[in-house]
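Chemist:
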Amino acid sequence: MYKTKNITLDELKAVKIKNQREILRLLGSKLSLITAWEEVKRLSNNFKNKVAEALKADALLYELIKPKKGTKVKETKAQARIRIRERERMRKIKILALELEMAKINQK
1 MYKTKNITLD
11 ELKAVKIKNQ
21 REILRLLGSK
31 LSLITAWEEV
41 KRLSNNFKNK
51 VAEALKADAL
61 LYELIKPKKG
71 TKVKETKAQA
81 RIRIRERERM
91 RKIKILALEL
101 EMAKINQK
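Reminder that position 46 of the sequence shown reads as 46 in full-length UniProt numbering, one-by-one numbering, no gaps.
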């Protein structure tokens, strides 16, 4: 029923999560697999009850811990263009923020 029922805390700790900065920026906190696993355990009453949300979270968590072999996501050209544009926008925003900060310093 629950795929992560027999996962150990050491296995959860061993998983490296990429893009924690981006996750922190978007969600306001870092992604913790231990917290997610504990939440699935709590929602399912120690993995005893079938709860739709817990089952879905369990499946996603299991995929993070033990990804299927050969499941690589290829980025399309359109996605690459979007990603490049996003980076350009972020650079422009950072430059504008620095310029504003410099203008404040020069006014003093």
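Here a beta-carbon is modelled for each residue, glycine too, at the ideal position from N, C-alpha and C.
Alpha carbon to alpha carbon, how far is ARG87 from LEU100? Give it in angstroms, no decimals.
Modeler: Cα to Cα, LEU100 sits roughly 20 Å from ARG87.
Chemist: Closest by CA to LYS41, which one among LEU31, LEU55 and SER29?
Modeler: Among LEU31, LEU55 and SER29, the Cα nearest to that of LYS41 is on LEU55.
Chemist: Hey, how far is the Cα of LYS5 from the Cα of ILE82?
Modeler: So the alpha carbons of these two residues sit roughly 38 Å apart.
Chemist: If you draw a straight line from the C-alpha of ILE105 to the C-alpha of ILE65, how long is it?
Modeler: About 48 Å.
Chemist: Consult DSSP for VAL40 and reduce its assignment to one of helix, strand or coil.
Modeler: VAL40: helix per DSSP, three-state reduction.
Chemist: Beta carbon of residue 109, beta carbon of LEU27: below 9 Å?
Modeler: Here the chain has residues from 1 to 108 only, and residue 109 is not among them.
Chemist: ILE105 lies in the alpha helix (DSSP H); which residues open and close that run?
Modeler: Taken as a continuous stretch (DSSP letters only), the alpha helix (DSSP H) holding ILE105 covers 77-107.
Chemist: Could you check whether GLU53 and LEU61 sit closer than 9 Å to each other, using their CB atoms as the reference points?
Modeler: Not closer than 9 Å, so no.
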